[in-house]
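**Q** Mapping of the sequence shown onto UniProt numbering: residues 405 to 689, in sequence order.
Structure provided below as structure tokens; questions to follow.
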Amino acid sequence: RAKEEAGDAIRLYDRRMDEAQRDRSALAMELRAALDSDAFELHYQPQTLLSDGAVTGYEALIRWRHPTRGLLGPDAFIGVAERTGLIRDIGTWVLHAACREAAGWDPSLRIAVNVSPRQLSQSDFVEQVGDALIASGLAPERLEIELTEASMIEDHAQLRAVMAALKTLGVRVAMDDYGAGYASLAALRNFPFDKIKIDREFIETLGSDPQSTAIVRSTLMLGRALGIPVLAEGVTTEAGRRILEAEGCREGQGFLFGRPVPAAELAGRAAIDADRPGPVSGPIA
Ligand code: C2E
Ligand code: MG
Ligand code: MG
Ligand code: MG
């Protein structure tokens, strides 16, 4: 009886694995076709000063205009792209598209681009960044590469070399999703980041959850002690914005300030931002 049940369970498991495998290969083929047919697009979300809402830059977030499933977010396909290696070509496309788009904005605005571990480990990654800068004419200081902890677990020496090369180019590097992983503190000790982005998990519960509040406060202290600016992700409420500002956080990103929007919608906004006097016109430290 038990043996029979175990047998059934294994057969079911095998079938599910086959299905998952098939789904993944189908998705991989669709991703390849999407690249070839230009079905990816970048949406841009503002990063703003908490004090007056002035926009300092935008984060590029990939979307896939799927022929039948509608507009898909990265969670639906970046994982498979990583596992199949397609992330390399997709990542190159993202870099070029983001730099090209940002080159047309007010020069005070930064562009933040997410880079995944597999992309970063390519031997020609820095060259690709350089190519995107040259092709677009974007000033290197305006480009910020966002890395998550997942990029920091493998080859420390290699990552340090990549970061040093990016710095030589003049490109900045931000640590994304700070606090979401297990080794965020060690990462700050091991690598020279230009910015810390506190994971939105802590920001969403700011004020209601004492743990989150304490962690956010101490991260802001840490940033000050290390001389690294801190940005809060996932700011959704005015109350949250006020707490962050009172705790000494300068910059935020989140639905309170704006959702990610296509470049076309941004064109007007970036122009308006460019006309604004004050903090926008000078890059923040
Ligand atoms: P991330 O880099 O941490 O990006 C922030 C994510 O939080 C985005 O989700 C954004 O839409 C969402 N978000 C922003 N503000 C709020 C808020 O106030 N509340 C809530 N609930 N969510 C907010 P998205 O666009 O689905 O991207 C998810 C992740 O996919 C990104 O997290 C990033 O790790 C990855 N990703 C996005 N674009 C790219 C890309 O071009 N290349 C690579 N390699 N990864 C990307
Ligand atoms: Mg990011
Ligand atoms: Mg993040
Ligand atoms: Mg994330």
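Glycine residues also receive a C-beta, built at the ideal position from the N, C-alpha and C atoms.
1) Who are the near neighbours of Ala438 in its chain, counting only those whose CB is closer than 7 Å to its CB and skipping five residues on each side?
2) Considering Met579, what are the terminal residues of the beta strand (DSSP E) in which it resides?
3) Would the stretch 412-429 and the stretch 628-642 be scored as touching if the rule is three or more Cβ pairs under 8 Å?
4) Could you spell out where the beta strand (DSSP E) holding Gly585 opens and where it closes?
5) Could you check if Met433 is buried or exposed, using at least 16 other CB atoms within 10 Å of its CB as the buried criterion?
6) Use the C-beta contact count for His560: other C-beta atoms within 10 angstroms, 16 or more gives buried, fewer gives exposed.
7) Kindly examine ligand 2 and report whether one of its heavy atoms sits closer than 8 Å to the Cβ of Glu463.
8) If you follow the alpha helix (DSSP H) that Phe529 is part of, which residue opens it and which one closes it?
9) For ligand 1, is there a heavy atom less than 8 Å away from the beta-carbon of Gln449?
10) For Ser555, I'd like the list of residues in its chain whose CB is within less than 6 Å of its CB, leaving aside the five on either flank, ordered along the chain.
11) Could you spell out the range, first to last residue, of the alpha helix (DSSP H) harbouring Ile632?
12) Roughly how many angstroms separate the alpha carbons of Ala480 and Ser622, rounded to a whole number?
13) May I ask you to report which of helix, strand or coil DSSP gives Ala689?
14) Please go through the same chain and pick out, in chain order, the residues whose beta-carbon is closer than 7 Å to the beta-carbon of Arg564, but skip the five residues on each side of it.
15) Hey, would you say the C-beta of Ser588 is under 8 Å away from at least one heavy atom of ligand 1?
16) Can you tell me whether Thr472 is buried or exposed? The criterion is at least 16 other CB atoms within 10 Å of its CB, across all chains shown.
17) Looking at ligand 1, does it come within less than 8 Å of Val639, judged from the CB to the closest heavy atom?
**A** Judging by the given coordinates:
1) Cβ neighbours of Ala438 beyond the five flanking positions: Phe444, Trp468.
2) Per DSSP, the unbroken beta strand (DSSP E) holding Met579 starts and ends at 576-582.
3) Contact annotation: the stretch 412-429 does not touch the stretch 628-642, with fewer than three C-beta pairs closer than 8 Å.
4) Going by DSSP, Gly585 is part of no beta strand (DSSP E) at all; its letter is neither H nor E.
5) Residue burial is scored here from C-beta neighbours: Met433 has fewer than 16 other C-beta atoms within 10 angstroms and is therefore classed as exposed.
6) Only exposed fits His560, as fewer than 16 other CB atoms lie within 10 angstroms of its CB.
7) Answer for Glu463: yes, Cβ within range of ligand 2.
8) Run containing Phe529: 529-540, per the alpha helix (DSSP H) assignment.
9) Correct: Gln449 has its Cβ closer than 8 Å to ligand 1.
10) Shown here for Ser555: same chain residues with a beta carbon closer than 6 Å to its own, the five before and five after excluded, namely Pro521, Leu524 in chain order.
11) For Ile632, there is no enclosing alpha helix (DSSP H), as DSSP marks it with neither H nor E.
12) Distance between the alpha carbons of Ala480 and Ser622: 34 Å.
13) For Ala689, the predicted structure reports a pLDDT of 35, less than 50, and the residue's modelled location is therefore unreliable. A value from the coordinates is still provided. DSSP places Ala689 in the coil class of the three-state scheme, outside both helix and strand.
14) Phe595.
15) When distances are taken from the beta-carbon of Ser588 to the heavy atoms of ligand 1, even the shortest one reaches 8 Å or more.
16) Exposed is the call here.
17) Yes, ligand 1 has a heavy atom inside 8 Å of this Cβ.
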